[in-house]
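Before any comments, here is the structure.
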DNA sequence: GAGCACTGC
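In my numbering, the protein residues as written are 2 to 845.
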């Protein structure tokens, strides 16, 4: 290839000039422009950055390795000489290395040991638009470092750039731009909005496939779907079409065995249809694709700081992601992309995916910052500041784990924890291992939870039987079973056949070993005693409990998997968990997933615990502020974290007759301050509310308390405006109540019928378009209505209602509050509560 | 219908 032909070359002289005078440069260039291989060489070759290394940050290990290889080859040098790379557990560098490709976390760690980054002349951030959390943090640290080291150059490269905020953040900085050499991709939208509840997304994709092939489009086809289930349905749906008979239709996602993945990526005699998750959006390139069919959906992981739960829900992708997906059709020739949504819907989508820093658990990052001497994380120079609530919760967790003292300073324990590259919870478990004689086991557990799970899910009866047989049936901890499974795989040298009998992912198991060894090595370096002998189960269980004490759960009954979790949460024990009989357990993972049309919270990686340990491990005697009758076991747990655990305690108490006025008052306080999530109403709760005589807030999928006229009117209004749909009214009883309020026309609307003219309770006639599944489209008329009624839009899919409940035989002390002032006072509170629960909605 | 993709001296 003639390198001079790469489009990025047009920037060569401008870059050299900029480097003479500027220390911060933004380069905007699309994927495929050659920026990742050429810019570092230009920087090195023009000599303007001065002596020292050019470090290039990559979000993915594979990319770092491949780019280094490529550049070494271009410069006719051996890898690890002038050009090298460094990723976790792997390095090819030497003292001669001038260009070093690294993953983002590596440089952040390097900053801990060498805050001045001596020997580094230039840091280049590649693929910055992906906005990974470590990229954000490292950039912030690099900019701070420039204040001391004025010779340090920072270059930020990005494909699509929302340059505004970044430009401000980097100011003063210089910008360079290069056009790509992508082939044009013709983008087509659906003419009519597709409701995936009416027509399945796989059928819609198969239709799109049929029409694309029917109109003579050439090349291979790439279909984007949110997950494995949708992929398998899509594969079936496409195969069933007659026009697919000349095609090989293949799935592609992370859970697939490597052989199948290779088949999807590799060449094929027939034309190909690859149905894939997001792996094909950034990580994997499939040659020959000229048609992309995009469902516009993806499963997106978030951490909900309000509840302390990881969520994994299907969401609509951003415009930037959609463009990235479309671009996959134009890598080798002009192509086309069919989007299964309308152009109008497209405009309503967010420009960019929310950066990771706003979606992830911050524990590790904050601990790393603290270790880097940044005491005031709230005032840190964030490119995008994380949610203050999320930050608070993180600081609380780190304090609970003993990494920070009450002034927020790093403790000696915290200093040790930082040495271990893992979530602080696991680092804490490792340190606790010293007390309980299970450091080695803790190292293995930490290694096992780093990457993909080594035990495959949804295995057949046979496989599960094998597991019980070969791994033993003890019911102590899922971690123990994971460890046994790994040791089995290790003993069998990760051979595919042996692994398959137990449903073990051999490749994932193989990657555990070096991590395990590394962690043991680090533990030894930190002076922990790494014993060979396994401790009694009990000690390991206690050790685990210490790291996850805020995730203690209790089985609600023996017949179901349903559990109560501290902090007012509920969830179901994973049906594959080995913890079967213990009523009390601790979950290392709590995540909310979409199962069918419902949301389910699942408790994973569980460990049985015993009530007696609580006194031993949490001796602090914290006064509990209520006299209500509580489950004695829960009371112990609650006693430890009185403040945060109160929710569970109170929730438990509701199952019984509440006869303590004080308990009710505490509860009211919890609800109103947003600390306690609302619970499913039942008669007890109603009685409780009646007793407290307070304002509470609710939303329909959690049930409806006795509602006054005003609240009811508002609710109807929201229904008419399309802000709520029947699906939101999850509970049958609630639905029956609501149904009884509505006129037939309103009922129709709620059931998702066509646009209607309706008279609102306020007397206004409006025409309404029901906008379920997307942010409500506010027409001018409706906007006007909002203005007239002073009802703020809380967001799609929920109705906050006001409940003014009265004690029996008591007159209202004041008439139902003036709605306007109610909203003015309560809106921020409600919004905060709901925002945590429905992060994917757009808020204003 | 029980669950995306990455990553750490």
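In this text, a Cβ means the ideal position worked out from N, Cα and C, and glycines have one as well.
For residue 588, the three-state secondary structure derived from DSSP is strand.
The C-alpha of residue 41 is placed about 34 Å away from the C-alpha of residue 275. The segment 195–208 makes no contact with the segment 256–267: fewer than 3 CB pairs, one atom from each, lie closer than 8 Å. Of 75, 89, 100, 63, the smallest CA-CA separation from residue 81 is found for 100. For residue 245 and residue 269, the gap between their C-alpha atoms comes out near 15 Å.
Residue 421 and residue 580 have their alpha carbons spaced roughly 29 Å apart. Using a 10 angstroms sphere on the CB of residue 578, the tally of other CB atoms reaches 16 or more, which defines it as buried. Non-local C-beta neighbours of residue 311 in its own chain, meaning closer than 8 Å and more than five positions away in sequence, comprise 302, 303, 304, 305, 362, 590, 591, 592, 593, ordered along the chain. Per DSSP, the beta bridge partners of residue 456 are 505. Spanning the alpha carbons of residue 86 and residue 79 requires a straight line of approximately 12 Å. In the three-state reduction of the DSSP assignment, residue 480 falls in the helix class. DSSP places residue 7 outside both helix and strand once states are collapsed to three, so it counts as coil.
Residue environment: residue 248 is assigned as buried (16 or more neighbouring CB atoms within 10 Å of its CB, all protein chains considered). Under the three-state reduction of DSSP, residue 422 is assigned to coil, being neither helix nor strand. In the three-state reduction of the DSSP assignment, residue 170 falls in the helix class. Taken through DSSP and simplified to helix, strand or coil, residue 252 comes out as strand. Residue 295 sits in a strand when the DSSP states are folded into three classes. Check the Cα spacing between residue 57 and each of 47, 68, 613: the tightest is with 68. Rounded to whole angstroms, residue 124 and residue 156 show a C-alpha spacing of 6 Å. Distance from the CA atom of residue 317 to the CA atom of residue 195, rounded to whole angstroms, is 13 Å. For residue 348, the enclosing alpha helix (DSSP H) has its first and last residue at 344–349.
In this structure, DSSP gives residue 158 an extended state, which the three-state scheme calls strand. In the three-state DSSP reduction, residue 111 falls in the helix class (H, G or I). Selection 432, 168, 359 evaluated against residue 135 yields 359 as nearest (Cα-Cα).
Boundaries of the alpha helix (DSSP H) around residue 283: 280–283.
With contact defined as three or more Cβ pairs closer than 8 Å, the segment 402–422 and the segment 497–504 are not in contact. Setting aside the 5 residues that flank it on each side, residue 557 is surrounded in the same chain by 563, 564, 565, each with a C-beta closer than 7 Å to its C-beta; the list follows chain order.
Assigned with DSSP and collapsed to three states, residue 601 falls in strand. Annotation: the continuous alpha helix (DSSP H) that includes residue 64 extends over 62–75. Rounded to the nearest angstrom, the Cβ distance from residue 319 to residue 353 is 5 Å, consistent with a contact under 8 Å. Here the C-alpha atom of residue 339 lies approximately 25 Å from the C-alpha atom of residue 159. Minimum Cα-Cα distance from residue 188 among the listed residues 220, 442, 53, 328 corresponds to 328.
A direct Cα-to-Cα measurement between residue 197 and residue 278 gives close to 18 Å.
The beta carbon of residue 121 lies closer than 6 Å to those of 53, 54, 56 in the same chain, with the five residues before and after it left out. Taking the CA atoms as reference points, residue 455 sits about 12 Å from residue 446. Under the three-state reduction of DSSP, residue 495 is assigned to coil, being neither helix nor strand.
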